[in-house]
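Here is the structure we will look at.
Residue numbers (my numbering): 4 to 211.
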């Protein structure tokens with residue numbers, strides 16, 4: 004009897020959920036049509052390339068010092084060898100510390116990204132919220148996120164409405180000039196650790 008009583012409630016809840024209005028946005032498309040965001044990305048890319056070059060030059064210098072040390076080691080007294088080894092080890096540590104400072108989890112690039120990009124993202128989120136409230140949407144999905152949307156009718160895409168709303172607080176591309184992006188928005192600061200070869204050299208020193 005209890006099960007029979009709960010069944011209508013479950014059906015009503017299910018119908019209630021299905022009766023909610025859904026829509027989606029494409030945040031990559033939205034951001035690609037905000038010039039301020041593109042400018043911020045250009046700044047971040049430029050900084051990342053500059054810092055990456057700076058770090059690479061330091062590891063090249065360390066590599067040269069190590070090779071020079073290897074060539075001269077047989078002629079050096081023990082105290083001088085130890086001093087040269089310690090100097091190279093310290094330079095390698097300084098280079099890795101700088102790499103972490105620039106590109107680490109809370110590094111300079113992350114902080115600059117927060118400074119430049121986060122205010123734009125907040126304005127976009129506020130616009131999404133406003134459009135959803137005006138149109139009485141219960142849920143708004145982001146098709147650019149991790150959620151897999153295999154098919155979506157264009158009429159449920161709020162992206163242009165959101166851009167129109169954002170245009171009240173910042174510049175956006177005119178609706179007639181917007182084009183859907185064919186690839187994901189680039190990310191700044193992606194850089195590889197080029198210190199592996201030098202690390203191997205330094206480890207040999209440390210193992211002595």
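Using N, Cα and C, we set each Cβ at its ideal position, and we do this for glycine too.
Beta-carbon proximity of residue 161 to residue 43, cut-off 8 Å: no
Residue 76 in three-state terms, based on DSSP: helix
Outcome for residue 78 when other beta-carbon atoms lying within 10 angstroms are tallied against a minimum of 16: It is exposed - the Cβ of residue 78 has fewer than 16 other Cβ atoms within 10 Å.
Boundaries of the alpha helix (DSSP H) in which residue 98 is found, first to last residue: 81-106
Secondary structure of residue 109, DSSP reduced to three states: In the structure shown, residue 109 sits in coil (DSSP, three-state: anything other than H, G, I, E or B).
Inter-residue spacing [alpha-carbon to alpha-carbon] between residue 107 and residue 61: 17 Å
Unbroken alpha helix (DSSP H) run spanning residue 172, endpoints: First-last for residue 172: undefined, no H or E at that position.
Cβ-based neighbour list, residue 181, same chain, cut-off 8 Å, excluding 5 preceding and 5 following: 32, 36, 163 and 166
Residue 29 burial status per 10 Å Cβ neighbour count (16 or more: buried): buried
Rounded straight-line distance, which links the Cα of residue 112 to that of residue 190: In this predicted model, residue 190 has a pLDDT of only 38, less than 50, meaning its place in the structure is not dependable enough to derive any value.
Three-state secondary structure assigned by DSSP to residue 145: strand
Closest residue to residue 93 among 53, 114, 69 and 115 (Cα-Cα distance): 69
Span of the beta strand (DSSP E) around residue 32: Note, residue 32: premise wrong, no beta strand (DSSP E); alpha helix (DSSP H) at 30-35.
Contacting residues, own chain, Cβ-Cβ under 8 Å from residue 159 (five flanking each side not counted): 25, 26 and 27
Residue 97 to residue 116 span [Cα, whole Å]: 24 Å
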